[in-house]
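Trainee:
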Amino acid sequence: MEKKAFHKDIVIIGAGMAGLTAALYAGRMNLSTLVLENGLVGGQIANAVSIENYPGFESISGGELIATLQSQAENFGAVIDEFDTIVKVTLNATPKIIETEEKIYTCDAVIIASGMNRRKLPLPEEKIFAGRGVHYCEMCDGHAYQDKIIAVMGGGNAAVDAANFLTKYAKKLYLIHRSELRADEVSQKRLRQNKKVEVLLQTEIKKLHGNGRLESIDIFDKISGEEKNIFVDGIFVNIGVTPNTQLFSDEINLNPNGRIIAGEDCRTNIAGVFAAGDVREKEIRQLTTAASDGTTAALLAEKFIRSLNR
Amino acid sequence: MVKVYTIQSCPWCAKVKKYLKSKDVEFEELDIEKDAAAREACKKLTGMDYAVPVTTIDNENFVMDYDKEALDKLVCL
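Protein sequence lines correspond, in order, to chains A and B. Taking my numbering, the leading residue of the first sequence gets 394, the next gets one more, and so forth. Taking my numbering, the leading residue of the second sequence gets 5, the next gets one more, and so forth.
Spelled out as C-alpha cells, the structure:
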C-alpha cells in the first residue's frame, strides 16, 4: 500500500529531554510539530528513579518529569508518535523528507535529538542470559530480585543510581567497575553507606555461568591479578551509551564516536537541520544542557523556517 | 481476551498498553506485583519469574517486551 504524505513545519527525531523541550518551544511558536520516537518517550531518563539535579525539583522521577513535559508540548500542539519507526531520511533537500514505516513526511526543518542507546554487555554469553539474569532496565526487572544477589556493572551516575535503587530488593549487591567511579559524590556516598553493598573497582567481568539462567560470574581483579567466581542471580548493565546516528551518517557530519558535529547553536552541516541533546558533540551532557539544546534548536529552526517563507 | 502482565513502575509495560489502546485492542491488565496468581500464570507461560511486559491472547502464545511486529501478529492487526 502506498504511504500517505504529510507536510510539517518541523520534525523532531527523538522524544527525550532535548526533543520534548524543542517540541514545547516549536509548539508555542505555532509551528506544526511532529516528534517521532520509536523507543521510550523520555529516552534515557524514562527509567530514572530519582532526579535530584534538575532545577526546580528537589527530587522527581524521570517518568513524572517526562510526563509533565510531554503534556506541556502536546498542550501547545506538538504531536508525538511513539509507534512509527523512521526507515529513511533525506535531509539535504528542500523540503526535507522523513520516511517512516507507515508514512512520508516532508518538512522545512529537522531537529535530531535521537539520543543514545545503552551499551550491551560485551560478552558472548550475553545473548544466552539476556532477560535471564542480564538486564538493562532496573525499574522493569528489579522486582524479580527480592532477597537475591545482584551485580551492577558500570561506574557512572546511571550505574550508581541503579545500584542505589536495587538495594531495596537485593540481599547483597556488588557494584563492579573496570576503573574508578565517576558518579556524583552524593550518590557514591549513599551507596557506600549501605551495608548490603560491596564495591569492586578495577574489576572486570570475564564470563557468565548458568543453566538456563544466570547463576554466577567470573571476575578479574586487575590490580591483584586474581580471578574468582562469585554467585549472582542477576546483573544490571550500565556501561555507557552509544549515539543513535546511524540513520544520518550519509548526510550529517559525525565525529569518530558517532556524535553529530554541531556547535552551541546546534546547527549541523546541513542548513535547517539541527542537533540537540546527548547526540550532539559536546563536553557536558546533562538534563539541563539537553533542555538548553532543545530550546536553542527550536528557536533557530523557527528563524530558519521564517527565512524560507520570505 | 488479550492479557498484559505488567508491573506499575515499568515504562515498557506502559508503552505496550498505550500501543494496544492506540490500535483499539481491548485487554486485561494483570499486575504481577499485586496479584500472586497472575505472577504464577505469567511465570508458567514464559518460564521466567517477574519478566514483564508479557502479552498473550490464548495463554499459550505470548510476546515479551514491546515488539510492535510481534504484537501485531499476536493480536492479528
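Ideal Cβ positions, reconstructed from N, Cα and C, are used throughout, including at glycine.
Using a Cβ cut-off of 8 Å, pull out every chain B residue sitting near A:N729, in sequence order please.
Mentor: Only positions 394 to 703 of chain A appear in the structure, and residue 729 of chain A is not among them; the question remains open.
Trainee: Between A:G670 and A:A683, how many whole angstroms is the CB-CB distance? I'm expecting something under 8 Å.
Mentor: With 8 Å as the limit, A:G670 and A:A683 qualify as a contact, their Cβ atoms being about 4 Å apart.
Trainee: When the Cα atoms are used, what is the spatial distance from A:A419 to B:R43?
Mentor: Looking at the two C-alpha atoms, the distance is approximately 44 Å.
Trainee: Spatial neighbours of A:M410 within its chain, please: C-beta separation below 6 Å, excluding the five flanking residues on both sides.
Mentor: Same-chain partners within the cutoff: L680, A683 and A684.
Trainee: Counting only Cβ pairs nearer than 7 Å, list the residues of chain A close to B:K72.
Mentor: Chain A residues near B:K72: F476.
Trainee: Does any C-beta atom of chain A lie closer than 8 Å to the C-beta of B:K55?
Mentor: The sequence given here places Ala at residue 55 of chain B; Lys does not occur at that position. So yes, B:A55 belongs to the interface.
Trainee: Using the C-alpha atoms, what's the distance from B:V29 back to B:D62?
Mentor: Cα-Cα distance, rounded: 15 Å.
Trainee: Taking 8 Å as the CB-CB cut-off, is A:L433 touching chain B?
Mentor: Closer than 8 Å: yes.
Trainee: Could you name the residues of the region 453-475 of chain A whose beta carbon sits closer than 8 Å to any beta carbon of chain B, in the order they occur along the chain?
Mentor: Going along the region 453-475 of chain A in chain order, one finds G456 and E475 with a Cβ nearer than 8 Å to chain B.
Trainee: Bridge partners of A:D614, per DSSP?
Mentor: DSSP lists A:T596 as partners of A:D614.
Trainee: In terms of residue numbering, what span does the beta strand (DSSP E) encompassing A:P636 cover?
Mentor: From DSSP, the beta strand (DSSP E) with A:P636 extends over V634 to P636.
Trainee: Using the beta-carbon of each residue, which ones in chain A are nearer than 7 Å to B:Y23?
Mentor: Those within 7 Å of B:Y23 in chain A are F476.
Trainee: Quick one: which chain A residues come within Cβ less than 9 Å of B:M52?
Mentor: Within chain A, the residues near B:M52 are G524, R525, A537 and R606.
Trainee: Does B:E37 have its Cβ less than 8 Å from a Cβ in chain A?
Mentor: Chain A, which has a Cβ nearer than 8 Å to the Cβ of B:E37, makes this yes.
Trainee: How about A:E620 and A:D611: do their beta carbons lie closer than 8 Å?
Mentor: In contact: A:E620 and A:D611 (Cβ atoms closer than 8 Å).
Trainee: Tell me the rounded alpha-carbon separation between B:V56 and A:E475.
Mentor: The alpha-carbon atoms of B:V56 and A:E475 are separated by roughly 19 Å.
Trainee: By the 10 Å Cβ neighbour count, where 16 or more other Cβ atoms means buried, how is A:L574 classified, buried or exposed?
Mentor: Buried: at least 16 other Cβ atoms inside 10 Å.
Trainee: Determine the chain B residues that contact A:D658 at a beta-carbon separation under 8 Å, and present them in chain order.
Mentor: Per Cβ cutoff of 8 Å: no residues; A:D658 is ~32 Å from chain B at best.
Trainee: In three-state DSSP terms, what is A:E475?
Mentor: Three-state DSSP puts A:E475 in coil, outside helix and strand.
Trainee: Select from A:C659, A:A664 and A:S642 the residue whose C-alpha is nearest the C-alpha of A:G412.
Mentor: Per the Cα distances, A:C659.
Trainee: Is A:N541 helix, strand or coil when you go by DSSP?
Mentor: The sequence as given places Lys at residue 541 of chain A; Asn does not occur at that position. In the structure shown, A:K541 sits in coil (DSSP, three-state: anything other than H, G, I, E or B).
Trainee: Starting from A:N388, trace the beta strand (DSSP E) in both directions and tell me its first and last residue.
Mentor: In the structure as shown, chain A starts at 394 and stops at 703, and residue 388 of chain A therefore has no counterpart that could be examined.
Trainee: For a cutoff of 8 Å on Cβ pairs, would you count B:K47 as touching chain A?
Mentor: Not an interface residue.
Trainee: In chain B, what lies closer than 8 Å to A:C500 by C-beta?
Mentor: Near A:C500 there are no residues of chain B at all, since even the closest Cβ is about 23 Å away, more than 8 Å.
Trainee: Going by DSSP in three states, A:V625 sits in which element: helix, strand or coil?
Mentor: Correct three-state label for A:V625: coil.
Trainee: Give the C-beta separation of A:G524 and A:Y562 to the nearest angstrom, bearing in mind that I take them to be a contact with Cβ-Cβ under 8 Å.
Mentor: 17 Å between Cβ atoms; not a contact.
Trainee: Under 8 Å between beta-carbons, which chain B residues line up against A:M532? List them in chain order, please.
Mentor: Ordered by position in chain B, the residues that pass the 8 Å Cβ test against A:M532 are S13, C14 and P15.
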